[in-house]
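All the letters of the sequence shown, read from the start, carry residue numbers 375 to 1277 under the numbering used here.
Backbone N, C-alpha and C fix where the C-beta goes; we use that ideal spot for every residue, glycine too.
Contents: one structure, followed by commentary.
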Amino acid sequence: MTWMFTDNNGTFNLKQADEISCLYFPLANESGMMSAVTPSLNGDIKTGQNSFLLQPVSAEDLHNNRSNRNFWLNIKGYGPWSATGNSARQISSKYSKKSDETVELEAGFLWHKVIRENRQINIRSEITNFVPVDDDQLELMKVTIFNIGKEKIELTATAAIPIFGRSADNLRDHRHVTSLLNHIKTNNYGVIVKPTLSFDERGHKRNYTSYAVLGSGPDNSNPIGFCPVLQDFIGEGGTLDWPRTIVEGNSDYVKSGFEYDGYESMGALRFKEEELEPGDFISYIIVMAIDQTGNNMDKYIEKYCSKKSFDRKLAENKEYWQSKLNQLTFYTGDHNFDNWMKWVTLQPILRRIYGCSFLPYHDYGRGGRGWRDLWQDCLALLLMDDENVHDLLYNNFAGVRIDGSNATIIGNEPGEFIADRNNISRLWIDHGAWPLQTTSLYINMTGNLRFLLEKQTYFKDGIISFARERDEYWNIDMGNKLKTKEGKIYQGSILEHILLENLTAFFNVGENNNLRLEDADWNDGLDMASEKGESVAFTAFYAGNLLEIVRLLEKLRDQEGITEVELLEEINVLLDSLNDSLNYGNVEEKNKTLAKYFNSCKHNISGNMLSIPINELIKDIKCKAEWVVEHFRKEEWIGDKNGYEWFNGYYDNNGQRVDGVGPVETRMTLTGQVFSTMFDIATEKQIEKITLAADKYLFDKKVGGYRLNTEFKDKELQLGRCFEFAYGHKENGAMFSHMSVMYAKALYQRDFVKEGYKVWNTIYQHCLDFEKSRIYPGIPEYINSRGRGMYTYLTGSASWLLLTMVTEVFGIKGFLGSLKIEPKLQKEQFDQDGKASININFAGNKLKVEYINTNKLDCGEYEIKKVTMNGREITPHETGSYVVIDKGDLQISDENIIIVKLG
């Protein structure tokens, strides 16, 4: 059993998909409608934490929850049959040898079809679901019933969709009480529910949101009746998978104009009896809508409740998503890979819509995205040449605090940050590292160096001094923007924001002179070492950032003629070499410097500015970066008795080194190897040794590649809750795609191409093996100890895989607005004619870059022999490893055809 791609547009099918647990598929639009659907049409529909049309479900509910989308047929001579497979009769016979039903799934961007066929009663259903791409918040469903036998079939159809109609909080909290708020009514086409109040974490407030299930039958006919109360529908002693109104053929349904209050609601729509001759078919349209204003619901009937409008909207949906995803496509000759990457390309868009919480693996909370998610998803948007990226980046910087930390409650709108509402003070020490990486990519792709000089506000709330204190003088009525002592909102340059994020991290060190772990880093599970824990891995990341800041400052100086930069007066203490240089080996001095800075900006700031000569600023930051690199290489390179060597990644809450030979076992973490490699801290010889050690201690093909860490059996290790998880799951030793893909990128960056190829290709091959991975196309967040992909769709690893494919594998890089082409394709990635290509929008220009490798050479064996763009020859660099095309030479309106011959 496996899914198969059926075209070049990402469409796939899967037979007997209903036999696999926890499969789910996203249906969404960019206006905030978010659905999840399974092969049995389980899943939920919502626009946010407080507005669920269908009952909220977790992954474990997908195989036992009865609150599905359902569509019943009462067939003369047979009785009830569910077109979705959700009847007690069908469920009980599902795995028996006598089962007469087959199920096939078809899906594409972003539509979902399930074909169910029963040869005993000679009937087939085809159910297609999707969310229209316009501004309405609804899901559409078309149910088509075919007579595949030789005799006439008489049937009566009933759509049956339970309407939850409130906040996910109410699943257990006041479930019954909130049903007493329901006002239920029927119109000519369906059931509408509008609770009088919302009753959730926001308090008791007047509710304006309506939930509706509407439908039409063959020839756009109205339903003939409705059963809008859940208990009435199932009947005494009945269940949703064997409701008495269906089983007993109850005709006592209410008509249009019915109103009722105070009960759980049901979108049950009965249609008139139909006769199907052999070979005939009929279709029903169901609309499931959430309307935030609760106004006229008839607009949905007029707009969607017909087969013609359904088909038109489905065509629009397919065209919209294909057009969006065609901005970035790959051709390698591997049909599966090229299609699989289309789904990977979709994933960052899905995370922008769903956040990290609104698909069945919702363990990341109550909605929205985290800080690092904002920045990493922007990587993918940059690669897709999204015209809004400048504004997104600019707005995101408004979330930085003056102490170098940032807001962690992210609003729904770009640049919207909310002051701490739960009185929780916590610091993820990696947060300050990500903005520069995304900003650097933006500057290189656009050449917009002056973005660094744009002014932006700072976020302000009661959390100060890296969450060690609270500002007793601040309250929410003061707003969430930093002010000067005169009460004016302060704005500093983007460069100033970046400097603060990285300079405060430099001084925030533990007793081993590495970055303090605080409450966790990228690995959220490392949350129990806030006193003495250190993140050696992110010490390397921040060192790389300091070196990148030096490069950007040099470019500002040399290309923009900038000789001085204006910075807030208080920052001067962090630029110690401009005054009296510190001994960076002295932990106490560094901590005192940071404390002095924190004390200068606890509540507000002076607003006074200093003009710093750019050469002096470069000198100060370069000195800091070089010190960290030297310290890292000297103090954190370790080995074991078997001769393997690598970098230590962490210190625990006892101040003890984590990696290396422990009291019970050899310990190794992947994160420390990734960032030391990625940011040029590891030497080439060290990288060679790192790859050998990683292959020895972390590589496990059974779980799709490189584990995040070895098993830590030492129970005295004080580091984080993740080591209380079962080994091989999530942050404790799973194949965590995110870090593994970053490992691949790091290896490519350092020209360890074969090693990098092995990393991501192992993940890809595992995902392709459905018998093991049990997921639809795409890259999961992690793979568990049994090889199953987990937390599908919503993962930052998709953005990093795209970044790796575009910039490293296919070698399409920005170079201050110019295009640099530096391929690192392996011979297996070319088709039988030795061709591979990428289509991409680059800085507003359409590109098709085709590589021709006639002799099927591997990376390292070939060089660039000839380059033509639109028929004009371009001279490669003398090394033959890359070519640079000036931005001005690219055609903005037409596609630029670039042919690169390798030899």
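Measuring CB to CB, does residue i end up less than 9 Å from residue j?
i: residue 999; j: residue 1048; result: no
i: residue 752; j: residue 847; result: no
i: residue 798; j: residue 890; result: no
i: residue 383; j: residue 713; result: yes
i: residue 447; j: residue 489; result: no
i: residue 841; j: residue 801; result: yes
i: residue 558; j: residue 627; result: no
I need the straight-line Cα distance from residue i to residue j, nearest angstrom please.
i: residue 914; j: residue 1093; result: 19 Å
i: residue 597; j: residue 733; result: 32 Å
i: residue 1096; j: residue 587; result: 43 Å
i: residue 584; j: residue 826; result: 45 Å
i: residue 511; j: residue 1050; result: 46 Å
i: residue 394; j: residue 1145; result: 10 Å
i: residue 644; j: residue 443; result: 15 Å
i: residue 1087; j: residue 1072; result: 15 Å
i: residue 1020; j: residue 1054; result: 14 Å
i: residue 615; j: residue 1115; result: 43 Å
i: residue 942; j: residue 870; result: 8 Å
i: residue 1277; j: residue 1201; result: 12 Å
i: residue 646; j: residue 655; result: 15 Å
i: residue 392; j: residue 464; result: 12 Å
i: residue 505; j: residue 641; result: 18 Å
i: residue 988; j: residue 996; result: 12 Å
i: residue 853; j: residue 806; result: 23 Å
i: residue 850; j: residue 882; result: 28 Å
i: residue 1209; j: residue 1259; result: 21 Å
i: residue 526; j: residue 478; result: 25 Å
i: residue 575; j: residue 545; result: 13 Å
i: residue 958; j: residue 880; result: 10 Å
i: residue 1042; j: residue 898; result: 18 Å
Of all the options the options, which has the alpha carbon lying nearest to the alpha carbon of residue i?
i: residue 1026; options: 1019, 911, 396; result: 911
i: residue 453; options: 529, 400, 488; result: 529
i: residue 516; options: 664, 1081, 1150, 679; result: 679
i: residue 1091; options: 858, 1029, 401; result: 1029
i: residue 407; options: 759, 513, 844; result: 513
i: residue 1285; options: 1172, 1222, 610; result: Residue 1285 falls outside the range modelled here, since the chain spans only 375 to 1277, and no answer is possible.
i: residue 1184; options: 1192, 1204, 1212; result: 1212
i: residue 1058; options: 744, 736, 1123; result: 1123
i: residue 887; options: 636, 717, 939, 1003; result: 1003
i: residue 839; options: 1154, 1130, 974; result: 974
i: residue 1040; options: 1085, 1079, 1007; result: 1085
i: residue 476; options: 467, 491, 487, 466; result: 491
i: residue 745; options: 936, 608, 726, 758; result: 726
If you reduce the DSSP assignment to three classes, tell me which class residue i lands in.
i: residue 1115; result: helix
i: residue 965; result: helix
i: residue 635; result: strand
i: residue 421; result: strand
i: residue 1041; result: strand
i: residue 872; result: helix
i: residue 896; result: coil
i: residue 661; result: strand
i: residue 640; result: strand
i: residue 1103; result: strand
i: residue 548; result: coil
i: residue 1164; result: strand
i: residue 574; result: strand
Given residue i, which residues of its chain have a CB within under 7 Å of its CB, disregarding the five upstream and five downstream residues?
i: residue 950; result: 956, 967
i: residue 1022; result: 910, 1010, 1012, 1031, 1032, 1033, 1034, 1046
i: residue 922; result: 810, 814
i: residue 748; result: 770, 784
i: residue 1126; result: 1061, 1065
i: residue 432; result: 734, 736
Please list, in chain order, all residues of the same chain as residue i whose beta carbon is under 6 Å from its beta carbon, the five residues on each side excluded.
i: residue 1242; result: 1273
i: residue 1149; result: 1163, 1166
i: residue 788; result: 766, 769
i: residue 704; result: 712, 715, 1212
CB-CB under 8 Å to residue i, same chain, minus the five flanking residues each way: which ones, in chain order?
i: residue 856; result: 775, 776, 831, 832, 833, 834, 863, 864, 978, 979
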